[in-house]
DNA sequence: ATCCCGAGGG
DNA sequence: CCCTCTGGAT
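Listed below in structure tokens is the structure:
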């Protein structure tokens, strides 16, 4: 895609959805952090079903640490990788209390030092809570970036760098959510709905049969 | 490179 | 049945 085509694509996504937000349900930065950790290789819908019961019981790092790994497990058994996630969320809550006064740190270094938090999750927190211009590249964005020719790359870091370089500055903060939603509902992994795609004419691989 | 790991869709 | 879902740690 050319620079002009990329600008046009984001212009359309912006027009269709001016203020995109995550579909994860949360009531505080802490809850967003926990929800994102739990969303690894799982659907937002599935995470929301679990957190709707978990967050009222454990809305804060204090309550979550008290609930503990075993307690958390009972609420998230229906989510994939639940053993790792329960352990990470319990440890992460204790670490927030011990090192950060129970607050979610704003810098990437501190975030990535938390158990279960890697580059992608740290970027989601920085972007969703403080609207910082960073790109969290997940399974959807990696696929869309490569499939469209928007941001080709062999690994997620390569795609992240390509997006940071190619997405127009004015659209960078919201680009994460537009790309996620596009990947989730239109540019689906198995069978992309090219017939419903608003950027089809800008894409390098539109499905001609659709 | 491998493991973790349930639910939903096709 | 197989693939996918807002990955991270080893």
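In UniProt numbering, the protein residues as written are 1 to 210.
Just so you know, even glycine gets a beta-carbon here, dropped at the ideal spot from N, CA and C.
Relative to the C-alpha of residue 200, which residue among 170, 169 and 149 is closest? The residue labelled residue 200 in the question sits at position 200 within the first chain. Taking each of 170, 169 and 149 in turn and checking the Cα distance to residue 200, the smallest one comes out for 149.
Taking its Cβ as the centre, do 16 or more other Cβ atoms sit within 10 Å of residue 75, making it buried, or is it exposed? In the first chain, counting from the first residue as 1, residue 75 sits at position 75. So residue 75 counts as buried.
Helix, strand or coil for residue 78, going by three-state DSSP, please let me know. Translated into the one-based positions of the first chain, residue 78 becomes position 78. Note: residue 78 maps to coil in three-state DSSP.
Rounded to whole angstroms, what's the CA-CA distance from residue 151 to residue 2? Just pull it up for me. Your numbering for residue 151 matches position 151 in the first chain. Your numbering for residue 2 matches position 2 in the first chain. Cα to Cα, the separation comes out at about 11 Å.
Among the residues of its own chain, which have a CB less than 6 Å from the CB of residue 64, if the five just before and after it don't count? Within the first chain, residue 64 is the residue found at index 64, counting from 1. Listed in chain order, the non-local C-beta contacts of residue 64 below 6 Å within the same chain comprise 58 and 93, local neighbours out to five positions each way being set aside.
Backbone CA spacing between residue 67 and residue 124 [nearest angstrom]: In the first chain, counting from the first residue as 1, residue 67 sits at position 67. In the first chain, counting from the first residue as 1, residue 124 sits at position 124. Taking the straight line joining both Cα atoms gives about 25 Å.
Leaving aside the five residues before and after residue 136 along the sequence, list all residues of the same chain whose C-beta is less than 7 Å from its C-beta, in chain order. Mapped onto the first chain, residue 136 falls at position 136. Within its own chain, the residues whose Cβ lies closer than 7 Å to the Cβ of residue 136, once the five positions on either side in sequence are excluded, are 120, 123, 124, 127 and 176, listed in chain order.
Assumed close pair residue 115, residue 88 - CB separation to whole angstroms, cut-off 8 Å: Looking up residue 115 in the first chain gives position 115. Looking up residue 88 in the first chain gives position 88. Taking C-beta atoms under 8 Å as the contact rule, residue 115 and residue 88 qualify, at a distance of about 5 Å.
For residue 31 and residue 80, believed in contact at Cβ under 8 Å, the rounded distance: Start at 1 with the first residue of the first chain, and residue 80 comes out as number 80. Start at 1 with the first residue of the first chain, and residue 31 comes out as number 31. Actually they are not in contact, since the Cβ atoms of residue 80 and residue 31 sit about 20 Å apart, beyond 8 Å.
Whole angstroms are fine: how far does the CA of residue 99 sit from the CA of residue 159? Position 159 of the first chain, counting from 1, holds the residue named residue 159. Position 99 of the first chain, counting from 1, holds the residue named residue 99. Computed Cα separation, rounded: 32 Å.
Using the three-state DSSP reduction, which class does residue 169 fall into: helix, strand or coil? Along the first chain, read from residue 1 onward, the residue named residue 169 stands at position 169. Reduced to three states, the DSSP call for residue 169 is helix.
Rounded to a whole number of angstroms, what is the C-alpha to C-alpha distance between residue 204 and residue 83? On the first chain, position 204 is the one that residue 204 refers to. On the first chain, position 83 is the one that residue 83 refers to. For residue 204 and residue 83, the distance between alpha carbons rounds to 40 Å.
Can you name, in chain order, every residue of its own chain whose Cβ lies under 7 Å from the Cβ of residue 140, other than the five neighbours on each side? Against the first chain, residue 140 aligns to sequence position 140. Cβ neighbours of residue 140 within its own chain (closer than 7 Å, five residues either side excluded): 179, 180, 183 and 184.
Check residue 184 in the structure and name its three-state DSSP category. Locating residue 184 in the first chain gives position 184, counting from the first residue. Of the three classes helix, strand and coil, the one that applies to residue 184 here is helix, per DSSP.
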